[in-house]
Amino acid sequence: MVNSHFLYLVLFAAAVGAVLGAMLRNDVREAARLAMWITLSLVGTALVLAWAMYFISP
Amino acid sequence: MNGPDFSAHTPTPEPSSSADSGTPESASAADSLRVLVSCVLAWAIPGLGHIASGRIGRGIVFAVIVLSLFLGGILLEGKVYRPEPGEPLTYLAAVGAAGVGLPYVVAQKAGWNLGDIRSQSYEYGTTFTLVAGLLNLLIVLDAYDVATGRR
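Chains as they are written, first to last, in our numbering: chain A, 1 to 58; chain B, 1001 to 1151.
Here it is as structure tokens:
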């Protein structure tokens, strides 16, 4: 089993994005676009916070 | 001069009584039952509430993603929360995890709920199972909106 923190992060973000996209948009394209946006936002936020924690760590 | 001929006209039927199924009261009760059934189905099997309401594509998407998330969490050796006496937060977490419906019951009964705390993916797996339940609770609310015609 591949133990990659980043892989788990991306899978989780994709799942949450897909569910919210399908729930909040009726059009398939709009749903896919929202899902992608949510996924990228979650991954991006995690990366930003990770680097912030890296630089503020003792 | 003859008067009007009413013999050719058949009498119009009287309006149906309140005991018949076509009244607003009985239709409202039927609608409420349909909404309730849709919500129960949505909780029991992720996506089934939407499929029952005619939103088949959306229901399939929900089913695949939520069940994959829950099963993935178990495969990652995560824990499926259950209420533990003396640990009040586990009650809250159990409510969240139980949101996934019958898969939660199956996991508890089959002994797949313990996880392996020594595993590197334990925390991820536990998060996956918990979030699968929480997402399905959102899906139940969406199934309610679909069944009541708001979506």
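Built from N, CA and C at the ideal position, the CB exists for glycine as well.
Using CA coordinates, which residue listed in A:A52, A:A35, A:P58 and A:W51 is at the minimum distance from A:V10?
-> A:A35
Beta-carbon separation of B:V1066 and B:I1117 under 9 Å?
-> no
Residues in its own chain within less than 7 Å of B:A1093 by CB, not counting five upstream and five downstream?
-> Y1081 and L1130
With DSSP collapsed to three states, give me the class of B:E1077.
-> coil
Residues that DSSP places opposite B:E1084 in a beta bridge = B:E1087
Does DSSP put B:R1034 in a helix, in a strand, or in coil?
-> helix
Give the single residue among B:S1032, B:G1057 and B:V1100 whose Cα lies nearest to the Cα of B:L1134.
-> Nearest in C-alpha terms to B:L1134, of all of B:S1032, B:G1057 and B:V1100, is B:V1100.
Out of A:G17, A:S4 and A:S57, point me to the one whose CA is closest to A:L40's CA.
-> A:G17
Whole-angstrom distance between B:W1043 and A:F12, CA atom to CA atom = 21 Å
Within the 9 Å Cβ cut-off, does A:A50 reach chain B?
-> no
Compare the C-beta of A:L40 with all C-beta atoms of chain B and state if any pair is closer than 9 Å.
-> no
Mind checking whether the beta-carbon of B:L1137 lies closer than 8 Å to any heavy atom of the ligand MG?
-> Within the structure as shown, the ligand MG is missing, as the structure has no ligands at all.
Assign B:W1112 to one of three DSSP states: helix, strand, or coil.
-> coil
Which residues of chain B have a Cβ atom closer than 8 Å to the Cβ of A:V16, listed in chain order?
-> V1131 and L1135
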